[in-house]
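Here's the structure, in structure tokens; my notes come after.
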Amino acid sequence: MKKIISVLLVLCCLTLSIAPALATEKSDLTDGEVLALHFINEFYPADKGDGEEYLVTFDTENKHFIIHGHYPLLESLIIDRPEDYQAMAEQLEKLFTSVNNLVEDALEAPEEYYMTLSLGTANYSLEYPVCEYLCISTKGGTVHRVNDEFVSTNEIKFYVANENADASAVQSILDLFATKDVSVLGITCMASQNPDNNGFFIALSGAYCDKFAAGYKGKDADWVEIPDRYIIDCRELATKNNLKQISLTFLDEQGNAFGAMQFSDSYWRGYYYAIDD
2 MKKIISVLLV LCCLTLSIAP ALATEKSDLT DGEVLALHFI NEFYPADKGD GEEYLVTFDT
62 ENKHFIIHGH YPLLESLIID RPEDYQAMAE QLEKLFTSVN NLVEDALEAP EEYYMTLSLG
122 TANYSLEYPV CEYLCISTKG GTVHRVNDEF VSTNEIKFYV ANENADASAV QSILDLFATK
182 DVSVLGITCM ASQNPDNNGF FIALSGAYCD KFAAGYKGKD ADWVEIPDRY IIDCRELATK
242 NNLKQISLTF LDEQGNAFGA MQFSDSYWRG YYYAIDD
């Protein structure tokens, strides 16, 4: 699965990141915001030990307290010990709720603010999150876990714990490919890198991928011709779910990525990773 994730990172880098307007000086903040950040940093420090670490920022424009974290112990439980993972996630939600109560008490108009805690895989930096598997948020006024119905298994990895990743779109992806001769190995939301992009990276394997493999003309080929079946399916997903972009990664039986394509309403393009070189 590491190969899948590394390929997704390569594709992520092809998209533009849009950074929120973050307060870098205390003079930018109200007294309540300074106190709220103090509480958040107390409970989510930069180094909590055993690889658990957090990065706290504040989006002044949207009044959004943002906590990005790594929690290797929790991450290790997702697939091998799912019941223990859920129990720990519940405890994290309780802690988050307690911290949010302190934050709300510190703010003059707490209803204008919200806070999120996003945990991503530890092999990527906190500054550039890629694969977020758990998100707890107060957006909308109540504490909730975002898209928590999609938890990774041995068969498929879900990284869609982001407020901008629509759960119905994730289900639509699963439903479409359930009708094809294909296995969905991973779904990653693009919103982790760009909050304005509601698209998805999708990793696939199986006979469905064969036509893309058949089009390989060597690593020096100037143009990749994408078979219609992939364009049609991507367009269906994009239209049905109002998605800005879809990226497919194709893998062989050994789990090696041999190609990828990007689709939006205005363009599509394909890539090959040298198959026989």
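By my numbering, the letter at position 245 of the sequence shown is numbered 246, and the numbering carries on one by one without gaps.
Backbone N, C-alpha and C define an ideal beta-carbon position, used for all residues, glycine too.
Could you tell me whether the Cβ atoms of residue i and residue j are closer together than 8 Å?
i              : j                 : result
proline 83     : valine 161        : no
glycine 70     : tyrosine 55       : yes
histidine 65   : tyrosine 115      : yes
valine 104     : phenylalanine 40  : yes
glycine 247    : leucine 238       : For the sequence presented, residue 247 should be read as isoleucine rather than glycine. Contact: yes.
isoleucine 80  : asparagine 148    : no
methionine 262 : tyrosine 231      : yes
leucine 175    : valine 183        : no
glycine 256    : phenylalanine 213 : no
serine 126     : asparagine 163    : no
Helix, strand or coil for residue i? Go by DSSP, reduced to three states.
i             : result
tyrosine 268  : coil
aspartate 81  : helix
valine 185    : strand
glutamine 263 : strand
alanine 24    : Bear in mind that the predicted position of alanine 24 carries a pLDDT of just 48, short of 50, making it too unreliable to give a figure here.
leucine 38    : helix
alanine 258   : strand
glutamate 128 : coil
leucine 238   : helix
cysteine 14   : In this predicted model, cysteine 14 has a pLDDT of only 41, less than 50, meaning its place in the structure is not dependable; the value taken from the coordinates is given anyway. DSSP places cysteine 14 in coil when its eight states are reduced to three.
serine 206    : strand
methionine 2  : Note on methionine 2: pLDDT 41, under 50, position unreliable in the model; the coordinate value appears next. Of the three classes helix, strand and coil, the one that applies to methionine 2 here is coil, per DSSP.
tyrosine 86   : helix
leucine 30    : coil
tyrosine 274  : coil
leucine 103   : helix
Any idea which residues DSSP pairs residue i with across the strands?
i                 : result
histidine 69      : Leu56, Ser119
lysine 158        : Gly187
phenylalanine 201 : Cys190, Ile247
cysteine 136      : Ser119
leucine 252       : Ser206, Ala258
arginine 146      : Ile137
glycine 219       : DSSP, once it has assigned bridges, lists no residue as partnering glycine 219.
Let me make sure I understand the geometry here. Which of the options has the alpha-carbon closest to that of residue i?
i             : options                       : result
tyrosine 29   : Asn148, Ala88, Gly50, Thr61   : It is aspartate, not tyrosine, that sits at residue 29 in the sequence shown. The shortest Cα separation from aspartate 29 among Asn148, Ala88, Gly50, Thr61 belongs to Thr61.
serine 173    : Trp269, Tyr272, Asn243        : Asn243
serine 1      : Lys245, Tyr86, Thr240, Arg146 : Because the chain in this structure spans residues 2 to 278, residue 1 falls outside the shown range and cannot be described.
threonine 143 : Glu150, Cys132, Ser99         : Ser99
alanine 179   : Asp234, Val225, Met191, Val35 : Asp234
alanine 166   : Lys181, Leu177, Glu150        : Glu150
isoleucine 68 : Gln87, Leu135, Asp106, Gly50  : Leu135
tyrosine 274  : Pro46, Asp229, Val225, Arg236 : Val225
alanine 258   : Ile157, Tyr272, Ala47         : Tyr272
tyrosine 45   : Asn195, Ala37, Val57          : Val57
aspartate 106 : Leu36, Thr189, Cys210         : Leu36
lysine 241    : His145, Leu177, Lys158        : Leu177
cysteine 210  : Lys181, Asn124, Ala88         : Lys181
Notebook entry, point to check: Taking three-plus beta-carbon pairs below 8 Å as touching, is the region 110–117 in contact with the region 87–95?
Noted result: Of all C-beta pairs linking the region 110–117 to the region 87–95, fewer than three are shorter than 8 Å, placing the two stretches out of contact.
Below 8 Å, can you find three or more Cβ-Cβ pairs linking the region 198–207 to the region 134–152?
Using a Cβ-Cβ distance cut-off of 8 Å, the region 198–207 and the region 134–152 are not in contact, since fewer than three pairs of beta carbons, one from each stretch, lie closer than that value.
Discussion item. Under 8 Å: do the region 202–218 and the region 240–260 share three or more Cβ pairs, one atom per stretch?
Written reply: Yes, the region 202–218 touches the region 240–260.
query: Using 8 Å as the threshold, is the region 74–82 in touch with the region 118–127, meaning 3 or more CB pairs across them?
result: Per the Cβ contact rule, the region 74–82 is in contact with the region 118–127 (3 or more Cβ pairs under 8 Å).
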